Every structure is written in C-alpha cells, then in structure tokens.
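To start, the structure under review is shown below, and the notes come after it.
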Amino acid sequence: MAKIIIDAGHGGADGGAQGNGILEKELTLKISEYMYDLFKDLGIPVTMTRTSDETISPTERVERVLGPYGNSSDVIVISNHINAGGEGFSYHC
Ligand SMILES: [Zn+2]
Numbered sequence: 152m153a154k155i156i157i158d159a160g161h162g163g164a165d166g167g168a169q170g171n172g173i174l175e176k177e178l179t180l181k182i183s184e185y186m187y188d189l190f191k192d193l194g195i196p197v198t199m200t201r202t203s204d205e206t207i208s209p210t211e212r213v214e215r216v217l218g219p220y221g222n223s224s225d226v227i228v229i230s231n232h233i234n235a236g237g238e239g240f241s242y243h244c
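Shown next, in the form of structure tokens:
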C-alpha cells in the first residue's frame with residue numbers, strides 16, 4: 152500500500168514567503184495538518200516532516216522524508232509551498 156510523507160515547507164527561522172499578513176510557514180503547516188487528517192481518516196499510512204514551527208535544515212528535512220518509510224517507489228512525498236503569485240506577495244523560490 153502507498154505511504155505518504157507530507158512536508159510542510161519552511162518553519163522556524165525560515166518563514167518562507169510573506170505578504171498580506173500571511174506567512175508561508177504557517178499556511179503550509181495548516182494545509183499539511185489538514186491533509187494528514189484526511190489521509191489518516193482514509194486509513195493510509197502518513198507522516199509529516201514537521202508538526203510545529205520548527206527550523207529544519209535541508210539535510211534534516213531529507214532525513215525526515217526518507218526515514219519513516221525508506222526510499223521506496225510506493226512512498227509519495229507531498230511538499231507544500233505557497234509561492235508568490237499576485238501583488239502584495241514578495242517573490243520566493
Ligand atoms: Zn516555499
């Protein structure tokens with residue numbers, strides 16, 4: 152059965168994009184929590200790379216992506232980001 156890793160982009164000292172009173176790291180965590188609950192309710196194995204406002208180095212993030220279920224073809228990784236699109240948002244990549 153497929154297993155899912157949900158990665159909430161940014162976190163802690165890394166806020167990501169910001170604009171209109173919205174901080175990317177907060178929105179990605181809320182979206183990730185929502186997705187986590189949905190997959191959980193469906194009985195699909197799922198974990199998150201972070202569940203709080205936490206700074207994660209790129210190396211640590213990779214470990215958290217590969218750690219729970221390994222590097223396998225039945226693992227689906229969803230990395231949530233809310234990149235800049237319209238006016239009022241700073242550019243972010
Ligand atoms: Zn981002």
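Going by our numbering, the first residue of the sequence shown is number 152, and it counts up by one from there. Even glycine gets a Cβ: it sits at the ideal position worked out from N, Cα and C. The structure presented is a predicted model; accordingly, all values stated were derived computationally and were not measured.
Compare the beta carbon distance of residue i and residue j with 8 Å and say whether it is the shorter of the two.
i    : j    : result
A159 : N234 : no
K181 : H161 : no
V213 : Y220 : no
T202 : V216 : no
G166 : L178 : no
Would you grab the beta carbon distance between residue i and residue j for me? Rounded to a whole angstrom, and I think it's under 8 Å.
i    : j    : result
I229 : T198 : Actually they do not touch by this definition, with Cβ atoms about 11 Å apart.
T206 : A164 : 5 Å
A168 : I195 : Contact doesn't hold; Cβ gap of about 29 Å is too wide.
For residue i, which of helix, strand or coil comes out of DSSP?
i    : result
D165 : strand
L217 : helix
D188 : helix
E211 : helix
S230 : strand
T179 : helix
Any heavy atom of ligand 1 closer than 7 Å to the beta-carbon of residue i?
i    : result
G160 : yes
G167 : yes
E175 : yes
N171 : no
N222 : no
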